[in-house]
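Protein chains in written order, with the numbering used here: chain A, 6 to 296; chain B, 63 to 332.
Take a look at the structure below.
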Amino acid sequence: MASPMNAQSEGSVVDQDATVTSSGTAANAGVSPTPSAPKRQKMDPRKKMFIYNAISIVAGIAIWWGLALTDLQLPTPPEVVAKAVELWDQGLMQEDIIASLTRVLTGFAIGSALAIPVGFVMGWYAPARGLFEPWIQFFRTIPPLALLPLVLVLLGIGEVPKIFVIFLASFLACVISTYQGVVSVEGTLINAARVLGAKDGTIFARVVIPASTPFILVGMRVGLGSAWATLVAAELLAAQAGLGFRMQQAQIYYDLATIFVNIIIIGILGLVMDRILLFTEAKLTGWQERR
Amino acid sequence: MTETQTMTEAKISIRGIRKTFEMKDSEFVALGNVDLDIQDNEFVTVVGPSGCGKSTMMNILAGLEEPTSGSAHVDGRDVHGPGPERGVIFQQYALFPWLTVRKNVEFGLKVAGVGKAERRERADHFIEMVGLEHFADALPKMLSGGMKQRCAIARAYAVNPSILLMDEPFGALDALTRVKLQEQLLDTWSREQRTVMFITHDVDEAVFLANRVVVMAARPGRIFDVIDVNLPYPRTVDVRLTPEFAELRNRVWHAVYHQGPDAVPYEQTK
């Protein structure tokens, strides 16, 4: 079909086009198949950032240590480390981490798993939006923790009430952003699929779902943060194990070192979970054009 | 859908199409009684000022909008809803950003249930046709505007449409890229003949590409003039420098920008 001459002339047009764009904007340099040059340029600032971060952490610990040596009655870093080792050896730390993570991940998993379909239905069918929205908007204004007294009365003091408030926290964050994702899918993309012969089911599966993935993942991240915060607070109020419970106990015995250990663990676990989702987000939504 | 409707010989025929939009207390006439026939393998460009209904006309042919009255026929069949036999190329490319160039081109074939091997072969053929073979596995975000639109053209061709509808496809591109893509489009069209309706607001582009330029006027949206372009194909950049081209361009310019006493002040378009 394509004569060699045609192919050749077309090839030259392509090359010119590519040259024009890549020389036009440095940002488009990614067009070249080997993006090694920009990577090397980025290495330096990244290293610098790392150094700044390290300085900041060391300085922070130094300030803490300094304050601990004054009248503030704070535990010193070595005391906290010793306490951490002690809690680990007793097996309490592992027990608490497992108890807290099990609660948060169960609630978060159920919340997200339910929020995604509900968000899709709300975005896709106007009647569903009308039915769900008042309740979601209402419960969104209530901190999930504020429902804990009610939930404790209704569901008892086992695992269920804690998982329930975590479920609620992650559900509410995720459902809103899934819904936002569905309603903000570009109309032209849907039209493009339609003119290529796609029907509603295909459009939903192959256009609406991938197009709203970035929104869903942002919702999940917000949901996880909110779930984690809710969890620790819930454990402070009612639990027999868990990071929050341990701090509550330590408070009674004026055991500041244990409180410090648990605060640090809560921070680190929260950070790790957030990074895992951030990494997933980068993997799944790397196709996005940054504007 | 019956074959008995093959009453016209034209590939595309628009019969008495009217499209109105309800406003607060008035009616906006986007298209008032438009008739148009486009023959097989013809390349027709449509130019006109904003609000002349050229995009509405295209959307009706694409099946993305329904006319208020009148009917559109493609290959003798009534147009109802979109279909893969009418390929559409949008100004905003409308590539699926999460799919690679090849997967974008394969999209329509996948929808049609074409097997993997054949899908890939056909996609690669059209990717090569638009010169993107080195970018088949690239995501749209890696492509320039011109390359994105070439990918969209390949995607439209891949499902083997009977007609191609293009809605200002080069409107968002810089002048140099636009001229190159115009030539490339004619080259493609000469090898893979299709009936094309191409909407633009660029008079040069309209004359350079077309067998026939349809000039539309606004308020109500209607066909104002139809100008035949008897310049031989293949057309190269030199065609633009000929006196015949200048003459045709002047005629189209006049038709577009001096549309007579019917012209209404801009405020009333709101």
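Idealized CB from N, CA, C, for every residue including glycine.
Proximal chain A residues relative to residue 170(B), where beta-carbon distance stays under 7 Å:
Position 108 of the second sequence, counting from 1, holds the residue named residue 170(B). Neighbours of residue 170(B) on chain A, chain order: 201, 202.
State yes or no: is the C-beta of residue 228(A) within less than 7 Å of the C-beta of residue 237(A)?
For the purposes of this step, residue 228(A) is identified with residue 223 of the first sequence, where counting begins at 1. For the purposes of this step, residue 237(A) is identified with residue 232 of the first sequence, where counting begins at 1. Going by C-beta atoms, residue 228(A) is not nearer than 7 Å to residue 237(A).
key: Interface positions of the segment 197 to 230 of chain A facing chain B (Cβ-Cβ less than 9 Å), listed along the chain   = So the list reads 197, 198, 199, 200, 201, 202, 203, 204, 207, 211, 212, 215, 216, 218, given in the order they occur along the chain.
With burial defined as no fewer than 16 other Cβ atoms inside 10 Å of the residue's Cβ, what is the status of residue 213(A): buried or exposed?
-> Taking the first sequence and counting its residues from 1, the one referred to as residue 213(A) is at position 208. Its Cβ being crowded by 16 or more others within 10 Å, residue 213(A) is buried.
- Query: In chain order, what residues of the same chain have a beta carbon less than 7 Å from the beta carbon of residue 290(A), not counting five sequence neighbours either side?
  - Reply: Along the first sequence, read from residue 1 onward, the residue named residue 290(A) stands at position 285. Excluding sequence neighbours, residue 290(A) sits near 218, 219, 222.
| Does the Cβ of residue 242(B) have 16 or more other Cβ atoms within 10 Å, making it buried, or fewer, making it exposed? | Against the second sequence, residue 242(B) aligns to sequence position 180. Residue 242(B) is buried by the Cβ-count criterion.
Item to check | Where the segment 288 to 300 of chain B meets chain A: residues whose CB sits under 8 Å from a CB there | outcome: Look at the segment 288 to 300 of chain B: it has no residue with a C-beta under 8 Å from a C-beta of chain A.
*Taking the Cβ atom as the reference point for each residue, do residue 275(B) and residue 268(B) lie within a distance shorter than 7 Å?*
The sequence position of residue 275(B) within the second sequence is 213, counting from 1. The sequence position of residue 268(B) within the second sequence is 206, counting from 1. Going by C-beta atoms, residue 275(B) is nearer than 7 Å to residue 268(B).
| request: Under 8 Å by Cβ, that's how I've got residue 208(B) and residue 239(B) pegged, so tell me the actual separation to the nearest angstrom. | output: Here residue 208(B) refers to the residue found at position 146 when the second sequence is read from its first residue. Here residue 239(B) refers to the residue found at position 177 when the second sequence is read from its first residue. Confirmed, Cβ separation roughly 4 Å.
* **Cβ contact check for the segment 257 to 268 of chain A and the segment 74 to 81 of chain A: 3 or more pairs under 8 Å** => Using a C-beta cut-off of 8 Å, the segment 257 to 268 of chain A makes contact with the segment 74 to 81 of chain A, since at least three inter-stretch Cβ pairs fall below that distance.
Notebook entry, point to check: Taking C-alpha atoms, which residue in 251(A), 265(A), 179(A) lies nearest to residue 102(A)?
Noted result: For the purposes of this step, residue 102(A) is identified with residue 97 of the first sequence, where counting begins at 1. Ranked by Cα distance from residue 102(A), the options 251(A), 265(A), 179(A) are led by 251(A).
message: Using the Cβ count rule (16 or more neighbours within 10 Å means buried), how would you classify residue 308(B)?
response: For the purposes of this step, residue 308(B) is taken as the residue at position 246 of the second sequence. By the beta-carbon neighbour count (other beta carbons within 10 angstroms, threshold 16), residue 308(B) is exposed.
(request) Name, please, each residue of chain B whose Cβ falls closer than 9 Å to the Cβ of residue 185(A). (result) The sequence position of residue 185(A) within the first sequence is 180, counting from 1. Chain B residues near residue 185(A): none, gap ~18 Å exceeds 9 Å.
### Within-7 Å CB hit, residue 260(B) to chain A
Walking along the second sequence from the start, residue 260(B) turns up at place 198. Interface criterion not met: the Cβ of residue 260(B) is under 7 Å from no Cβ in chain A.
task: Tell me, please, whether the CB atom of residue 36(A) is closer than 7 Å to any CB atom in chain B?
output: Position 31 of the first sequence holds residue 36(A). For residue 36(A), the pLDDT reaches just 43, beneath the cut-off of 50, and the residue's location in the model is therefore unreliable, although a value from the coordinates is still provided. Residue 36(A) counts as touching chain B.
Alpha carbons only, please: which of 265(B), 263(B), 205(B), 176(B) is nearest the one belonging to residue 294(A)? Translated into the one-based positions of the first sequence, residue 294(A) becomes position 289. Nearest C-alpha to residue 294(A) among 265(B), 263(B), 205(B), 176(B): 205(B).
task = Could you check if residue 131(A) is buried or exposed, using at least 16 other CB atoms within 10 Å of its CB as the buried criterion?
result = Within the first sequence, the letter at position 126 stands for residue 131(A). Counting the other Cβ atoms within 10 Å of the Cβ of residue 131(A) gives fewer than 16, which makes it exposed.
query: Does residue 244(B) come within less than 7 Å of chain A when only Cβ atoms are used?
result: Numbered from 1 along the second sequence, position 182 holds the residue referred to as residue 244(B). Closer than 7 Å: no.
Round the Cβ separation of residue 125(B) and residue 141(B) to the nearest angstrom and send it over; I've been treating them as touching at under 8 Å.
Taking the second sequence and counting its residues from 1, one reaches residue 125(B) at position 63. Taking the second sequence and counting its residues from 1, one reaches residue 141(B) at position 79. With a Cβ gap of about 5 Å, residue 125(B) and residue 141(B) count as contacting.
Neighbouring residues, chain A, relative to residue 160(B) (Cβ below 7 Å):
Within the second sequence, residue 160(B) is the residue found at index 98, counting from 1. Result: 215, 292.
- Candidates 197(A), 231(A), 276(A): which alpha carbon is nearest residue 143(B)'s? Along the second sequence, one-based indexing puts residue 143(B) at 81. Closest by C-alpha distance to residue 143(B), out of 197(A), 231(A), 276(A), is 197(A).
Worksheet item: Does the beta-carbon distance from residue 221(B) to residue 170(B) come in below 7 Å?
Response: In the second sequence, counting from the first residue as 1, residue 221(B) sits at position 159. In the second sequence, counting from the first residue as 1, residue 170(B) sits at position 108. A distance below 7 Å separates the beta carbons of residue 221(B) and residue 170(B).
Using DSSP with H/G/I as helix, E/B as strand and the rest coil, what is residue 85(B)? Mapped onto the second sequence, residue 85(B) falls at position 23. Three-state result, residue 85(B): coil.
Exercise for the section: Mind checking the segment 169 to 193 of chain A against chain B and listing, in chain order, the residues whose C-beta falls within less than 7 Å of any C-beta there? Expected result: Look at the segment 169 to 193 of chain A: the residues with a C-beta under 7 Å from a C-beta of chain B are 193.
Cβ of residue 146(B) within 7 Å of any chain A Cβ:
Taking the second sequence and counting its residues from 1, one reaches residue 146(B) at position 84. Taking 7 Å as the threshold, the shortest C-beta distance from residue 146(B) to chain A falls below it.
| request: Return helix, strand or coil for residue 106(B), following the three-state DSSP convention. | output: As a position in the second sequence, residue 106(B) is number 44, starting the count at 1. Three-state DSSP puts residue 106(B) in a strand.
### Query
How many Å lie between residue 156(B) and residue 90(A) at the Cα?
For the purposes of this step, residue 156(B) is taken as the residue at position 94 of the second sequence. For the purposes of this step, residue 90(A) is taken as the residue at position 85 of the first sequence. CA-CA distance, residue 156(B) to residue 90(A), rounds to 57 Å.
For residue 149(B) and residue 275(A), what's the separation of their Cα atoms in angstroms? For the purposes of this step, residue 149(B) is taken as the residue at position 87 of the second sequence. For the purposes of this step, residue 275(A) is taken as the residue at position 270 of the first sequence. So the two alpha carbons sit approximately 50 Å from each other.
So, helix, strand or coil for residue 25(B), using DSSP? No answer is possible for residue 25(B): it lies beyond the span of chain B, which begins at 63 and ends at 332.
Practice item. For residue 154(B), decide whether its Cβ has a neighbour in chain A, counting only Cβ atoms nearer than 7 Å. Key: As a position in the second sequence, residue 154(B) is number 92, starting the count at 1. Residue 154(B) belongs to the set of residues whose beta carbon lies under 7 Å from a beta carbon in chain A.
(request) Please work out which residues of its chain come closer than 6 Å, Cβ to Cβ, to residue 185(A), disregarding the five sequence neighbours upstream and downstream, and give them in chain order. (result) Along the first sequence, one-based indexing puts residue 185(A) at 180. So the list reads 220, once near-sequence residues are dropped.
Q. Enumerated in chain order, which unbroken segments of the alpha helix (DSSP H) with a length of 4 residues or greater are wholly contained in the segment 154 to 219 of chain B?
A. Qualifying alpha helix (DSSP H) stretches, in chain order: 163 to 173, 178 to 191.
Worksheet entry | Minimum Cβ-Cβ distance from residue 226(B) to chain A less than 7 Å | Sequence index remark: in the second sequence, residue 226(B) carries index 164 (1-based). Under the Cβ distance rule, residue 226(B) does not count among the residues neighbouring chain A, no pair being separated by less than 7 Å.
Check: According to DSSP, which residues form a beta bridge with residue 133(B)?
Finding: The residue labelled residue 133(B) in the question sits at position 71 within the second sequence. Listed as beta-bridge partners of residue 133(B) by DSSP are 77(B).
With a Cβ-Cβ cutoff of 7 Å, do residue 108(B) and residue 261(B) count as a contact? Here residue 108(B) refers to the residue found at position 46 when the second sequence is read from its first residue. Here residue 261(B) refers to the residue found at position 199 when the second sequence is read from its first residue. The answer is yes: Cβ separation under 7 Å.
Please list, in chain order, all residues of the same chain as residue 39(A) whose beta carbon is under 7 Å from its beta carbon, the five residues on each side excluded.
On the first sequence, residue 39(A) is found 34 positions in, with the first residue counted as 1. Because the pLDDT at residue 39(A) is just 47, under 50, the model does not fix this residue reliably, and the point stays unresolved.
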